[in-house]
Every structure is written in C-alpha cells, then in structure tokens.
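**Q** One structure, as structure tokens, below. Some questions next.
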Amino acid sequence: MGQQAGRRSPSRRVRRMRTVWGACTALVLTLVVLAVIGLPSAPPPDAEPHDEVPGAPVAEAPASLDDEISALLAEADTSRVGVALADVSGGATRTFGDERPFFAASTAKIISAAAFYHLVENGEASLDQDLGDYDAAFQIEAMVNNSSNDSWALVMDAVGHPQLTEYAASLGIDYDPEDNLLTAADMATVLRKLYAGDLLNQDDTAQLLGYMQETNNEDLIPAGSRPGITVHHKYGQVDGELHDAALLTYHGSTFALVIYTENTEGNAGAEQVQLIHDLTRVIEDALFAPDA
21 MGQQAGRRSP SRRVRRMRTV WGACTALVLT LVVLAVIGLP SAPPPDAEPH
71 DEVPGAPVAE APASLDDEIS ALLAEADTSR VGVALADVSG GATRTFGDER
121 PFFAASTAKI ISAAAFYHLV ENGEASLDQD LGDYDAAFQI EAMVNNSSND
171 SWALVMDAVG HPQLTEYAAS LGIDYDPEDN LLTAADMATV LRKLYAGDLL
221 NQDDTAQLLG YMQETNNEDL IPAGSRPGIT VHHKYGQVDG ELHDAALLTY
271 HGSTFALVIY TENTEGNAGA EQVQLIHDLT RVIEDALFAP DA
C-alpha cells in the first residue's frame, strides 16, 4: 500500500403593415418568435468532472482482444494476474486471467472514500469534522492522492468497518476491510459506478476523481497510457502485490480498467510494471482508434 501521508430580450421595430398580406406575414413571424422564445433554453454547461456518460457503449472491445491479453499473460513471469474491463455506459464486465480475489492493497481506498462521502451526503458526517490532526476533507485527499495509510485508517474508523462491508454490499461487492480482498471485477464495478454518478452527487464525484489524478505514483497505468487519453486511477502496492485501477477516457468513451498482479515469491518487480504497461497499451489500442 502507499506509504506517503482537496437573456436575451431581443428588441425589434415592428413596422405597420398596410396590406392584408403584410399583416398575415407579421402574425406568422410573431408566432414563430413566440414559439422559439417559449422553447426551453439549452441547459448551461455543467461543471462536471467528465462528459455525460453515453447511454450505450461508444467503443467496443473486439473479440481479438482476448487472444492478445492471453498471450501477454502467458508470457508473464508474475505468479497471478487478474484483469477486468468495463464500459461505464453499461454492459458486462470482461475479465481475463485470475478471477479469484487479490489482496487489494490501496486500491480499496476508493471504497472507503466513497463510503465517507455517502455519509456526508446523508447528513451523517461532514468533510469539516476532525479526523486526527486535520479535517476529513484533508484526510480523504491524502488517502487517495498521496495514498496515506494513516489517513485511510482514520477514514475507515470514521465510517466503521461493518458499515464499510454494508456499503460495499450495496454495490454488489463482497468486501471485508479486515481482509481487504477484492477481485479485479469488483474494483471495476466500483470505478464504473463512481464515474457514471451512481455512487455520489456531482460535486463529490468530481472531487474524488480529481484526487485520482497527479497522484504520488503515476508509473503504472498512466505511464503505459498513450497521449490524449485521460486517466483517473488508484494504485496499490504491498509486498508482491502491484495493482492499478483506472478510468480511461477518450473521445467520449470511458472504460474502467483494473489490473491486479501478484508475485508470490517476493516483492513486486519491474516485470509487473512492464506487464501493466503492456496490458494498458494493448487494451487502449483495441478500444480507442488513434487519431488519424
């Protein structure tokens, strides 16, 4: 886990029309103007953190992606790799490699953050309340953006461990913070629901996604991602576990990509980093056609 510790009112001159035809024309024009004015105006641009989630997938992973990912996993020296891919606009989550739970490390901090924001939105907590030496807003930012474990402990205690399990269950996820085990598909579900606005209101969604950029470790999915793709992510690392859970956005299409890796024979190494880069690029190339 991370060790480092947020109107127009147009005026017109109307000339008198001396002919019946002119009067009729004026009447028609007046009715048209009134109809236009009566139409609901286009809503102002929302201060959303991302484009509106499309109602149907914009990009679709080709069937050949399975073979490309399988080939990368077959060549990997890493003991265990689990990959999950989910379009935020809907559809089934595609999984590759090991579908069993992994020790989620710091990627699970997103669940804790969302659970605390949920309490705030229900009036059961406040971002201004004290958590340790600072307020909750500071601790959430430190937990996500700087991966502070001290902040994580404070946030989890404020939510309550049983309540965290209940919150995860409401998302369709079996999660016990004492064990901190998640599948890659579980984490993809969290990210998909977060980005789609199914977890939090617009402001809290924007804030949490903001903390998932320019983090204290941009060396995994962000480093493997090609230029022009927007990445929000939360990495996790402890012992042999090296993970990254990201949202990839390109030309109006967003996918959740989760890559969990485990070296059961030692600490995480360069091979796992390279595998995450390779998987990221293969998946992006399959999903998002490069600009001409």
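Residue numbers (the working numbering): 21 to 312. A virtual CB, placed ideally from N, CA and C, is assigned to each residue, including glycine. The model shown is predicted, which means the values in this text are computed figures rather than measured ones.
Determine the burial state of TRP41: buried for a count of at least 16 other Cβ atoms within 10 Å of its Cβ, exposed for fewer.
**A** With a pLDDT of 37 at TRP41, under the threshold of 50, the predicted position of this residue should be treated as unreliable, and no value is reported.
**Q** By a C-beta neighbour count over all protein chains shown, 10 Å radius and 16 as the cutoff for buried, is ALA55 buried or exposed?
**A** Confidence in ALA55 is poor, its pLDDT being 39 and thus under 50, which makes the residue's placement too unreliable to answer from.
**Q** Note down the Cα distance separating GLY244 from LEU268, rounded to an integer number of angstroms.
**A** If you take the alpha carbons of GLY244 and LEU268, they lie about 12 Å apart.
**Q** Can you find the residues in the same chain that come closer than 6 Å, C-beta to C-beta, to ARG100, ignoring five residues on each side of it along the sequence?
**A** Closer than 6 Å at Cβ, skipping near neighbours: ASP118 and GLU282.
**Q** For LYS213, which residues in the same chain have their Cβ closer than 7 Å to its Cβ, ignoring the five residues on either side in sequence?
**A** Here the set comprises LEU191 and LEU219.
**Q** Taking the alpha-carbon positions, what's the LEU51 to HIS271 distance?
**A** With a pLDDT of only 38 at LEU51, under 50, the local geometry of the prediction cannot be trusted, and no value is derived from it.
**Q** Looking at the secondary structure, which residues open and close the alpha helix (DSSP H) in which THR225 lies?
**A** It spans 222 to 231 - the alpha helix (DSSP H) in which THR225 sits, taken as one unbroken run.
**Q** Using a 10 Å radius around the Cβ and a threshold of 16 neighbouring Cβ atoms, would you call THR274 buried or exposed?
**A** Its Cβ being crowded by 16 or more others within 10 Å, THR274 is buried.
**Q** With 16 other CB atoms within 10 Å as the buried threshold, where does THR284 fall?
**A** Counting Cβ neighbours within 10 Å, THR284 comes out exposed, since fewer than 16 surround it.
**Q** By DSSP's criteria, ALA266 is part of a beta bridge. Which residues make up the other side?
**A** In DSSP, ALA266 forms a bridge with HIS253 and LEU277.
**Q** CA-CA distance, ILE303 and ASP150?
**A** Roughly 42 Å between the two C-alpha positions.
**Q** Return the CA-CA distance between ILE241 and THR300, expressed in angstroms with no decimal places.
**A** For ILE241 and THR300, the distance between alpha carbons rounds to 6 Å.
**Q** Are ALA288 and LEU262 touching if we call contact CB-CB under 9 Å?
**A** Yes; because the gap between Cβ atoms is below 9 Å, this pair is in contact.
**Q** Any idea if GLY111 is buried or exposed, counting beta-carbon neighbours within 10 angstroms, 16 or more meaning buried?
**A** GLY111 comes out exposed.
**Q** Tell me, please, whether the stretch 174 to 191 touches the stretch 141 to 156 by the rule of three or more beta-carbon pairs shorter than 8 Å.
**A** With the cut-off at 8 Å, the stretch 174 to 191 and the stretch 141 to 156 touch.
**Q** Mind checking who ASP107 pairs with in its DSSP beta bridge?
**A** ASP107 is bridged to PHE275.
**Q** Let's see if you can read the secondary structure: which residues bound the beta strand (DSSP E) around GLY117?
**A** Note, GLY117: beta strand (DSSP E), 114 to 117.
**Q** Pick out whichever of ALA91, GLN257, ASP86 and HIS181 has its Cα sitting closest to the Cα of ALA135.
**A** That would be HIS181, whose Cα lies nearest to the Cα of ALA135.
**Q** What do you reckon, are the CB atoms on ASN165 and TYR231 nearer than 9 Å?
**A** Yes, the Cβ-Cβ distance between ASN165 and TYR231 is below 9 Å.
**Q** Which residue wins for smallest C-alpha separation from LEU15, given the options ASP87, PRO82, ILE130 and ALA157?
**A** Only positions 21 to 312 of the chain appear in the structure, and residue 15 is not among them; the question remains open.
**Q** Quick check on GLN257: buried or exposed, where buried means 16 or more other Cβ atoms within 10 Å of its Cβ?
**A** The residue is buried, with at least 16 neighbouring Cβ atoms inside 10 Å.
**Q** Within a Cβ cutoff of 6 Å, which residues of the same chain sit near ALA96, ignoring the five residues on either side of it in sequence?
**A** The answer, listed in chain order, is LEU295.
**Q** Ignore the nearest five residues each way along the sequence and tell me which others in LEU330's own chain have a CB closer than 6 Å to its CB.
**A** Only positions 21 to 312 of the chain appear in the structure, and residue 330 is not among them; the question remains open.
**Q** From the DSSP output, in three-state form, read off TYR154 for me.
**A** Of the three classes helix, strand and coil, the one that applies to TYR154 here is strand, per DSSP.
**Q** Would a C-beta distance cut-off of 9 Å place LEU105 and VAL251 closer than the cut-off?
**A** It is not a contact, given that the beta carbons lie outside the stated cut-off.
**Q** Taking the DSSP output, what are the residues bridged to VAL101?
**A** In the DSSP output, where bridge partners are listed per residue, VAL101 has THR281.
**Q** With a threshold of 16 other CB atoms inside 10 Å of the CB of ALA128, please say whether the residue is buried or exposed.
**A** Result: buried.
**Q** Please list the terminal residues of the continuous alpha helix (DSSP H) segment that includes ILE89.
**A** It spans 84 to 95 - the alpha helix (DSSP H) in which ILE89 sits, taken as one unbroken run.
**Q** Determine, using beta carbons only, whether VAL293 and ASP239 come nearer to each other than 9 Å.
**A** Going by C-beta atoms, VAL293 is nearer than 9 Å to ASP239.
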